[in-house]
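Data first, discussion second: the structure below is written as structure tokens.
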Amino acid sequence: MSNLLQVRVTGVLIEDEKVLLVKQNVTSERKWSLPGGRVEQGETLEEAIVREIEEETGLAAKVSKLLYLCDKPDASPSLLHITFLLEKAGGEVRLPSNEFDLNPISAVEMVPIQELVAYGFSKKFMTIIQQGFPESGSYKGLKSNIGL
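Spelled out as structure tokens, the structure:
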């Protein structure tokens with residue numbers, strides 16, 4: 108019964124019309140993703156995303172606002188996906204150690220928003236970012252509803 112739902116946080120950090128991405132095997136079609144990961148026992152959502160950003164990218168970040176919640180019920184276990192808008196608070200972009208990671212990150216980059224489709228993201232998701240997340244703070248249903 109303990110694995111009925113997995114909670115995952117991701118962060119969108121934008122600077123100079125570029126968004127922070129990490130390269131790792133997401134799907135066979137997409138190798139780039141927003142940084143983030145599982146919420147650990149005893150962590151708040153904010154603590155989890157701040158930790159994940161630092162571990163995966165070397166950047167210190169702070170949460171600016173909630174962007175969206177969505178579901179991925181076909182994952183095993185089912186997944187609740189929560190994404191925050193972040194602000195850089197310090198640090199320098201670097202590769203993580205990948206010491207305990209079964210799906211290692213091979214690159215960390217600030218990618219121009221208008222090039223997201225070339226990095227495997229949908230045009231729909233790119234448009235949502237370009238429009239400044241017009242429905243931020245909302246429940247979006249299935250993850251596919253935001254183009255992911």
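If you read the sequence shown in our numbering, its first letter stands for residue 108, the second for the next number, and so on.
We put the beta carbon where it would ideally sit given N, CA and C, even for glycine.
1. Among residues of its own chain, excluding the 5 on either side of M108, which ones have a beta-carbon nearer than 8 Å to its beta-carbon?
2. Let me check understanding here. Comparing Cα to Cα, which of A182, A196, K130 lies closest to L64?
3. Going by DSSP in three states, K179 sits in which element: helix, strand or coil?
4. Check this for me: beta carbons of E124 and I220, under 8 Å apart or not?
5. Identify, in the order they occur along the chain, each residue of the same chain with its Cβ nearer than 6 Å to the Cβ of R145, setting aside the five sequence neighbours on each side.
6. E159 to V129, Cα distance in whole Å?
7. Around the Cβ of Y175, are there at least 16 other Cβ atoms within 10 angstroms (buried) or fewer (exposed)?
8. So Y226 and V215 are in contact, right, with Cβ under 8 Å, and what is the actual spacing, rounded?
Considering the structure as presented:
1. Within the sequence shown, the letter at position 1 stands for residue 108. Residue confidence for M108 is low, a pLDDT of 46 falling below 50, so the modelled location carries little weight; the figure read from the coordinates is stated next. There are no such residues.
2. Here the chain has residues from 108 to 255 only, and residue 64 is not among them.
3. Locating residue 179 in the sequence shown gives position 72, counting from the first residue. The answer is strand: DSSP assigns K179 an E or B state.
4. Here residue 124 is taken as the residue at index 17 of the sequence shown, counted from 1. Here residue 220 is taken as the residue at index 113 of the sequence shown, counted from 1. In this structure, I220 lies closer than 8 Å to E124 by Cβ.
5. Within the sequence shown, numbered from 1, the residue matching residue 145 stands at position 38. Contacts found: R115.
6. On the sequence shown, position 52 is the one that residue 159 refers to. On the sequence shown, position 22 is the one that residue 129 refers to. Rounded to the nearest angstrom, the two C-alpha atoms are 12 Å apart.
7. Within the sequence shown, numbered from 1, the residue matching residue 175 stands at position 68. It is buried - the Cβ of Y175 has at least 16 other Cβ atoms within 10 Å.
8. Along the sequence shown, read from residue 1 onward, the residue named residue 226 stands at position 119. Along the sequence shown, read from residue 1 onward, the residue named residue 215 stands at position 108. Rounded, the Cβ-Cβ distance is 13 Å, inconsistent with contact.
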